[in-house]
Every structure is written in structure tokens, then in C-alpha cells.
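In the numbering used here, the protein residues as written are 12 to 275.
No residue lacks a Cβ here, since even glycine has one placed at the ideal position from N, Cα and C.
From a predicted model like this one, the values you see are computed outputs, not experimental measurements.
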């Protein structure tokens, strides 16, 4: 009986070890230049086992991975500023979410400015270059306006958006100046909200890469109510790619970029 019990314990230990091992799975690895979608004319070099970028950097991985909202994922990578640079390079490192139909989820469709629920003060017609809204006056000076919104954020991701570059007015009514003419009409009284184009930068949001190799990593789990929470997926996320961005003319070295699913 004792021998049988010992065997049972041994088998249980094996299955426990297998389960523990299965809990960690590398779901994306970007270790070479072929792993990345490289914009035309962009300098991108493979040097001594790492990738080196010069100029404004804005790239994402060619491959994506499936997102299970209840699982926890870890994004990781090694970064440094090249020694010849006079200043440390600021960069962003995170995810570009994709919906169930394989379409990218634009940041402006989910990144809400809370407390800005308003309504159209006048009808919007196709071709209009200005919009009048009535309601909350805490809108950003420039950003995006989302139409047909819901205070519960159940409209997210909301792809009915338009970019504006300025607003003016006094009291409750403001006028937004649009970057492009409207391509769709909306009646007066339509619910609207202020959005921005903040990306899902969980690994680094304009952090500085030291001159020595330094690991930047972060974890993400669950689905957020909106796109303003950096440790949760955006509403509608079914897949994701990894992005790296340097918003200025600088240089950045990086390697060992990966995504690991930590738990089911």
C-alpha cells in the first residue's frame, strides 16, 4: 500500500511539473530583421546579434499572436542607446491590438478622454470642416471626436471618429476645426466624446534607453473598460503585434524582443 501511494505521489508530481511548464509559452519572438515590418527608406541593421535603428523609428512585428483575455502575458526586450549618441533615446514599446476580423484597432477608437461626454449642437453634413458641440468643456486642444458614443463605453472600439486640430468658443458650445472634411452626416443631439491616439505602450512610454543593455518588460492581463489602462487589453482585442517607436530623429539598439504567456 505504501509503495502504491508513493507511485501515486510520483505521478502527481510529474503531471504538476508538466502543467507548470505548459503555463509558460513563448507566443511571439522577434529576433531578426525579418521579424519586423520595415518602412521604406528606413535604416535597419543587423550588427553582432542585435538590431540597430537610425532616424525616426516606427515599426511592428510581421507576426501576431492570439490573445486570451484571462491569460497573463509578459512583453520583454533589451534596449540601449548607441554610444555615439549625445542624449539618451526616448522610445515607446508595446502592443498594436487587432480585432477578431484581423483589422488593427486604431488608438483613437478606444483611447477616451474621460468626462467629455457631449452632444452635437448642430447637424453635421458631409463635407463640413467644423463641428459644434454642446457639453463638457474639458476637451483637449487637438485630438479626435467620436460619434454615437455611450457613457458606459459599450461603443468601444468606436471607429466613427474624426481628427480635429483646434477648438474655440465660450460657454457650453464649442467649435472643433477638422483636419479633413466629414465623410458622414450626423443629426444634432448625437452623443460624442473626446478621444486621443495614445498607443498601448506597456513596456516603455517615452522612457529613456541607457547606454548599457537594459531589459524593459511589463505584464498585461484582462480587458479594460477603455483604452487608457496600460496593463489591460483594449476592448475588442483578439490578436496583437509588438511595436517599437522613437518619435524623433534618434538611434536605438534592441534585441531579444518576445512575448510570453505566463498563465492560462
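| Item | Value |
| --- | --- |
| Between the alpha carbons of residue 158 and residue 224, how many angstroms are there, rounded? | 45 Å |
| Return the bridge partner residues of residue 220 from the DSSP annotation. | 100 |
| Look up residue 44 in the DSSP assignment and say whether it is helix, strand or coil. | helix |
| Could you tell me the distance, in whole angstroms, from the CA atom of residue 256 to the CA atom of residue 241? | 16 Å |
| If you reduce the DSSP assignment to three classes, tell me which class residue 115 lands in. | strand |
| Residue 265 to residue 180, Cα distance in whole Å? | 47 Å |
| Candidates 93, 189, 122, 259: which alpha carbon is nearest residue 138's? | 189 |
| Less than 8 Å between the CB atoms is what I'm expecting for residue 207 and residue 66, so what's the real figure, rounded? | Their Cβ separation, rounded to whole angstroms, is 25 Å, which puts residue 207 and residue 66 out of contact at 8 Å. |
| Under 9 Å between the Cβ atoms of residue 247 and residue 124? | no |
| Go ahead and label residue 160 buried or exposed: buried means 16 or more other beta carbons lie within 10 angstroms of its beta carbon, across all protein chains shown. | buried |
| In this structure, does DSSP put residue 87 in helix, strand or coil? | strand |
| With DSSP collapsed to three states, give me the class of residue 212. | strand |
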